[in-house]
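Scroll down for the structure; my scribbles are underneath it.
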Amino acid sequence: MPELLDNNLDNIKADIDLFGEEHKRLSMSDRIGFLPISIWKPNWETVKTLKELVGDAGETRNLVGKKMQLLGSKYTTSIFNPHLAQMILSAYCPPKAKVYDAFAGGGTRGFIAAAMGHDYLGVEIRPEEVDRIKRKQAELHADFDIICADSRFYPIDNETYDFSYSCPPYYNLEVYSDIDGDMSNVATYEEFLDMLRQSLTVTYMGLKPGSLCVWVVGNFRPKQSYLVHFNGDCARIGQEVGFELWDELVFWGASDVAASRSGQFVANRKSVRVHEYILIFKK
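Numbering-wise, this note's numbering comes out as the position in the sequence shown, counting from 1, plus 92.
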């Protein structure tokens, strides 16, 4: 098990010298593994190591994607960065916490949370994805709860959870299924935001006072046209349901391959997007 899975801001490690004296390791590097500045970047060797704990290659979404393409929808597959999940939990989540995730997706956040000793519950609307995660849990001996449900209506108990983190759909940038209630296939962006508000309200009600909720979001271009400021819309919705916007970070998570597309700037004056935002809400 990688040592970094023991990292937590509230866990102060200590060394004992030859004389039996305890020396606490108080640096941010020892406590969370990185400097808590406003731009985060993954360590790609760590990403590779943590992927072994996750086992998500996007295969379920690829199968669904072929079906969606036949229906005339664009489709791509993204996988949540496991090092980002570890960094978020190390910096913001209390030790041994009850963690809620409104959009469990491929299970990455669940596998990392379980490996770090947290009690995780994830809600995912797609039954084929839930089945895949459960099979992977059995294979990897990972213990956490994954529920097939619509997170707008899943009945979680009020003020039960210590922490929440998630990555909601980016509207129809990726269409995951044709299931009723799947936010990635709704007709309008306004309808999508209203559904997102419902899910975030449930999350807010389920968190204990003073708890943090972390969402990873990114701005995007529908059909490569105008820029949708999804980051700002999520920040606004979070505050509308009762959260305080506690902090905002930039996650520079794209590989160096993305830079190879920069030549397109000559034709369209649109930068190559290599980052997402980490929104930290506080109840």
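For each residue, glycine too, the CB sits at the ideal point set by N, CA and C.
Worksheet entry | Proximity of W132 and M208 at Cβ, strictly below 8 Å | Contact: no.
Item to complete: Could you work out which residue in G355, K374 and G345 is closest to E368 when comparing CA atoms only?
Response: Ranking the options by Cα distance to E368, first place goes to G345.
Discussion item. Counting beta carbon pairs with one atom in the stretch 189-198 and one in the stretch 283-301, are three or more of them shorter than 8 Å?
Written reply: The answer is yes - the stretch 189-198 touches the stretch 283-301, with three or more Cβ pairs under 8 Å.
Discussion item. For a cutoff of 8 Å on Cβ pairs, would you count V349 as touching chain D?
Written reply: The question asks about chain D, but that chain is absent: this structure has only one protein chain.
Worksheet item: Cα separation between L304 and D339?
Response: Between the C-alpha atoms of L304 and D339 there is a straight-line separation of about 10 Å.
Worksheet item: DSSP on D242, reduced to helix/strand/coil?
Response: Secondary structure at D242: coil, using DSSP grouped into helix, strand and coil.
Worksheet item: Which residue comes first and which comes last in the alpha helix (DSSP H) that contains D325?
Response: It spans F322 to E332 - the alpha helix (DSSP H) in which D325 sits, taken as one unbroken run.
Worksheet item: Any idea if S258 is buried or exposed, counting beta-carbon neighbours within 10 angstroms, 16 or more meaning buried?
Response: Buried: at least 16 other Cβ atoms inside 10 Å.
Worksheet item: For K190, which of helix, strand or coil comes out of DSSP?
Response: K190 falls in the strand class under three-state DSSP.
Fill in: 8 Å Cβ cutoff met for N323 and V308
Going by C-beta atoms, N323 is not nearer than 8 Å to V308.
Practice prompt. Could you say if the stretch 354-362 and the stretch 287-294 meet the contact criterion of at least three C-beta pairs nearer than 8 Å?
Written response: Note that the stretch 354-362 does not touch the stretch 287-294; fewer than 3 beta-carbon pairs, one per stretch, sit closer than 8 Å.
Item to complete: Take R353 and list the residues in its own chain whose beta-carbon comes closer than 8 Å to its own, dropping the five residues that flank it on each side.
Response: Here the set comprises V364.
Worksheet item: By the 10 Å Cβ neighbour count, where 16 or more other Cβ atoms means buried, how is F373 classified, buried or exposed?
Response: The residue is buried, with at least 16 neighbouring Cβ atoms inside 10 Å.
Worksheet item: Which word fits P261, buried or exposed, when buried means at least 16 other C-beta atoms lie within 10 angstroms of its C-beta?
Response: Buried is the call here.
Worksheet item: Helix or strand or just coil, what does DSSP make of S256?
Response: Secondary structure at S256: strand, using DSSP grouped into helix, strand and coil.
Worksheet item: Is the distance from the Cβ of D242 to the Cβ of I217 below 8 Å?
Response: It is a contact, given that the beta carbons lie within the stated cut-off.
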